[in-house]
Ligand code: SF4
Ligand code: SF4
């Protein structure tokens with residue numbers, strides 16, 4: 071196992087993400103499988119386990135605790151998250167924190183994150199009535215949080231603003247980063263910003279929910295010509311291993327064979343060759359299916375609706391690149407009169423666009439995708455209910 075030094079801690083570079091545990095035929099988490107995966111991971115040197123209050127309908131924390139209980143508490147690190155993005159309204163933050171500690175069977179968290187900061191959830195995290203950041207800081211003062219960070223799904227502008235505003239408060243930032251999102255979701259720019267602020271980069275979705283672990287046949291065959299024995303996933307992990315400020319790579323493993331494959335990849339750091347790296351970036355380009363907006367903004371000044379057209383096209387590209395939830399949460403953060411449905415179809419933008427993009431057509435389709443697509447508010451309803459139950463709220 072390769073390790074990283076972080077504030078004097080020896081962290082395995084591969085971390086166990088606890089959001090994708092296998093389920094049995096009744097729909098319950100397959101605890102036997104979780105135990106076997108943890109045993110294999112720990113034997114292979116993994117010492118970091120990442121869960122969150124809402125994962126697996128609130129059952130991830132419990133399953134993780136069950137699998138870890140036979141190991142000494144100081145032999146592993148536990149990361150958990152405050153679910154500010156899923157609250158039904160202002161709640162007793164301290165009580166909710168204690169619920170997570172109880173479920174995880176710990177009296178302190180090695181790592182604790184504000185979960186899922188976006189342009190939308192920032193209003194909750196910074197909302198005075200919610201009082202989240204002061205309450206979380208109090209837990210740190212009490213010694214119940216050793217290292218504080220946040221997970222982030224917003225844009226680069228918000229990331230920069232947030233880090234400037236809270237300089238010195240956080241020690242690490244968890245972002246979605248992989249060779250596809252390196253450019254598609256600005257992971258490179260985010261990595262650079264976090265590094266410039268002197269914080270550690272934690273990576274989630276290194277294989278993009280499995281998409282990069284099972285590539286299209288032609289893409290996979292191309293990688294086989296470069297390394298006949300290696301799995302598609304191993305290339306995705308090696309791309310991240312090459313980034314020196316990536317301190318933690320979280321993989322949401324759900325079977326022992328996957329743990330074993332990952333352990334092989336993390337046994338040593340084998341930098342990508344130039345040919346391997348350019349093949350990955352090329353494969354990523356082929357997966358994007360995107361509208362080629364260069365963000366020159368020639369179209370913006372004359373838009374009677376005042377729309378941020380390149381940003382909206384970026385959202386459209388996320389929908390087309392399998393990132394519908396990212397797109398919809400970013401659109402949620404806009405005032406209604408700045409969303410794509412506000413486009414009046416005048417066509418001035420298409421007239422001036424050097425890339426000949428049919429902007430009104432894109433806006434119309436984007437408005438439809440947003441109206442019909444997944445919404446964070448819908449997805450978080452059951453999470454809000456479970457918070458109400460755990461805190462005995464009406
Ligand atoms: S077509 Fe829509 S996006 Fe383009 S300038 Fe007119 S209102 Fe703005
Ligand atoms: S003019 Fe065309 S390329 Fe430039 S920002 Fe507008 S849509 Fe994008």
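Residue numbers (the working numbering): 71 to 464.
We put the CB at the ideal spot given by N, CA and C, even for glycine.
In this text the structure is predicted, and so the values were computed from the model without any measurement.
Counted as a single uninterrupted DSSP element, the beta strand (DSSP E) harbouring residue 74 occupies residues 73-76. DSSP, read as helix, strand or coil, puts residue 272 in strand.
The three-state secondary structure of residue 267, taken from DSSP, is coil. According to the DSSP secondary-structure assignment, residue 150 is paired through a beta bridge with 182. Apart from sequence neighbours up to five positions away, the residues of its chain that approach residue 410 with a beta-carbon distance below 7 Å are 382, 433, 436, 437 and 440, ordered along the chain.
Near ligand 1, meaning a Cβ closer than 7 Å to any of its heavy atoms, lie the following residues in chain order: 369, 372, 373, 374, 375, 377, 379, 413, 414, 415, 416, 417, 418, 419, 420, 429, 430 and 433. Measuring C-alpha to C-alpha distances from residue 452 to each of 111, 116, 127 and 121 identifies 127 as the nearest. With a threshold of 7 Å, the Cβ atom of residue 365 counts as near ligand 2, since some heavy atom of the ligand is closer than that.
For the beta strand (DSSP E) assignment, the uninterrupted runs of no fewer than 3 residues enclosed by the region 180-222 are, from N- to C-terminal side, 215-222.
Looking at 108, 112 and 216, the one whose alpha-carbon comes closest to that of residue 79 is 216.
8 Å or more divides the Cβ of residue 187 from the Cβ of residue 147. According to the DSSP secondary-structure assignment, residue 246 is paired through a beta bridge with 274. By the C-beta density criterion, residue 338 is exposed, having fewer than 16 other C-beta atoms within 10 angstroms.
Shown here, residue 319 sits in a strand according to DSSP, grouped into three states. Between ligand 2 and the CB of residue 103, the shortest heavy atom gap is not smaller than 7 Å. For the pair residue 373 and residue 427, the CB atoms are not nearer than the 8 Å cut-off. When the alpha-carbon of residue 168 is set against those of 222, 214 and 458, the nearest one is in 214.
At a cut-off of 7 Å, the beta-carbon of residue 385 does not count as near ligand 2: no heavy atom of the ligand is closer than that.
At least 8 Å separates the beta-carbon of residue 270 from that of residue 230.
Residue state for residue 85 is assigned as strand, using DSSP reduced to three classes. With a cutoff of 7 Å, residue 410 does not count as near ligand 2, since its C-beta is closer than that to no heavy atom of the ligand. When rounded, the separation of the alpha-carbon atoms in residue 283 and residue 371 is 43 Å.
Within the same chain, and ignoring the five residues on either side of residue 406 in sequence, the residues whose Cβ sits closer than 8 Å to its Cβ are 412. Scanning its chain for C-beta atoms nearer than 8 Å, with the 5 sequence neighbours on each side dropped, one finds around residue 87 the residues 120, 274, 320, 321, 322 and 323, in chain order. Spatial neighbours of residue 103 in its own chain (CB-CB distance under 6 Å, excluding positions within 5 residues in sequence) are listed in chain order as 92.
Residue 143 counts as exposed, since fewer than 16 other beta carbons sit within 10 angstroms of its beta carbon.
Residue 245 is positioned such that its CB atom lies no closer than 8 Å to that of residue 258. For residue 333, the three-state secondary structure derived from DSSP is helix.
Per DSSP, the beta-bridge partners of residue 120 are 87 and 149. If you look at residue 107, you'll find it in the alpha helix (DSSP H) that goes 101-113. Looking at the DSSP output, residue 254 sits in no beta bridge, so it has no partner there.
Note that the region 395-403 touches the region 186-201; at least 3 beta-carbon pairs, one per stretch, sit closer than 8 Å.
By the Cβ-count criterion, residue 366 is exposed, with fewer than 16 other Cβ atoms from all chains shown falling within 10 Å of its own Cβ. As the crow flies, the alpha-carbon of residue 268 is around 25 Å from that of residue 154. Taking 7 Å as the cut-off, the C-beta of residue 153 does not count as close to any heavy atom of ligand 2. If you look at residue 425, you'll find it isn't in any alpha helix (DSSP H); DSSP assigns it neither H nor E.
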